[in-house]
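Residue numbers (the numbering used here): 851 to 1037. Using N, Cα and C, we set each Cβ at its ideal position, and we do this for glycine too. Okay, so here's the structure we're looking at.
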C-alpha cells in the first residue's frame, strides 16, 4: 500500500537589532532592525526608561530619558512576533552608548603689534578641537589645542568647536586675534 505523508516545514523567525551604536546626549537615535524567516513583525523594548515614537517600526526612533543619559548606555531589544508552528519568537539586543555633551572649556586669545601671525589656544571637555574662520559653516582651518593664524593686519575673530564619537559642541566659541597698529614716528 502506498500512502502519502504531508510534511510541514515552519520557518523559524529571525531578527537583528543591528550593531552596538552611539548617540549624542540631547538627540534621538534611530534603530536599524531587521526581520526574516517566519517573522512578520517585531517590537522594540528598552532596558531603560526612554521612549520609542513607534516601537513597531524596524527603524524606530528612540529618545533616551534622563536616567538613560545618567547611566551612559541602554540596551535596546527587538522581539519578533510568534510565527505559526512550533518555532517561537526570537529577540536580539544592541547596546546604545549615550555620549555626554562636549564643551569648549577654555580659550586663549592672542595679540601682536603690526601685521603677522597670532597664536591662539583652546581646550575642550573631550574630543578634537576644530578651528574655523566663521561662527557657522565653512571648512576647518586646522585642529588641535593651538592654532597659528595666517598673516593678518587687523583684529580677527576665529571660532572653535569640539567633535568626538559623532557628537559636536552645540555652537562655536569665538577666539580673538588682536592686531595693534605699529606706532609710526614722524619727524
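Specify whether the stretch 987-995 and the stretch 923-941 touch according to this definition: at least 3 beta carbon pairs, one from each stretch, less than 8 Å apart.
no
Hey, could you find the ends of the alpha helix (DSSP H) residue 861 is sitting in?
To locate residue 861, count along the chain shown from 1; it is residue 11. Note, residue 861: premise wrong, no alpha helix (DSSP H); not H, not E.
Since residue 1027 sits in a beta bridge, which residues does DSSP pair it with?
Start at 1 with the first residue of the chain shown, and residue 1027 comes out as number 177. The partner list for residue 1027 (beta bridge, DSSP) reads 960 and 1006.
With three or more C-beta pairs closer than 8 Å as the rule, is the stretch 890-906 touching the stretch 962-981?
Contact between the stretch 962-981 and the stretch 890-906 is not established, with fewer than three Cβ pairs separated by less than 8 Å.
Going by C-alpha distance, which of 924, 876 and 884 is nearest residue 947?
Residue mapping note: residue 947 aligns to position 97 of the chain shown, counting from 1. With distances taken between Cα atoms, residue 947 lies closest to 924.
Rounding to the nearest angstrom, what Cα-Cα distance links residue 950 and residue 860 in this structure?
Your numbering for residue 950 matches position 100 in the chain shown. Your numbering for residue 860 matches position 10 in the chain shown. Answer to the nearest angstrom: the Cα atoms are 46 Å apart.
Applying the criterion that 16 or more other CB atoms from any shown protein chain within 10 Å of the CB defines a buried residue, is residue 914 buried or exposed?
Counting from 1 along the chain shown, the entry for residue 914 is found at position 64. So residue 914 ends up on the buried side.
Restricting to Cα atoms, I'd like to know which of 896, 874, 893 and 866 is closest to residue 883.
Position 33 of the chain shown, counting from 1, holds the residue named residue 883. Ranking the options by Cα distance to residue 883, first place goes to 866.
Quick check: what's the CA-CA separation for residue 869 versus residue 954?
Within the chain shown, the letter at position 19 stands for residue 869. Within the chain shown, the letter at position 104 stands for residue 954. So the alpha carbons of these two residues sit roughly 31 Å apart.
Have a look at 963, 856 and 1009 and flag the residue whose alpha-carbon is nearest the alpha-carbon of residue 994.
Your numbering for residue 994 matches position 144 in the chain shown. Closest by alpha carbon: 1009.
Would you identify the three-state DSSP class for residue 1034, choosing helix, strand or coil?
Here residue 1034 refers to the residue found at position 184 when the chain shown is read from its first residue. Residue 1034 falls in the coil class under three-state DSSP.
Take residue 892 as the anchor and find which of 916, 941 and 921 has the nearest alpha-carbon.
Here residue 892 corresponds to residue number 42 of the chain shown, with the count starting at 1. Ranking the options by Cα distance to residue 892, first place goes to 941.
Which residues bound the beta strand (DSSP E) around residue 974?
Along the chain shown, one-based indexing puts residue 974 at 124. 969-974 is the extent of the beta strand (DSSP E) around residue 974.
Specify the secondary structure class of residue 920 as computed by DSSP and reduced to three states.
Within the chain shown, the letter at position 70 stands for residue 920. Residue state, collapsed to three classes: helix.
Should residue 1035 go down as buried or exposed, given a rule of 16 or more other Cβ atoms within 10 Å for buried?
Taking the first residue of the chain shown as position 1, residue 1035 is located at position 185. Burial call: exposed.
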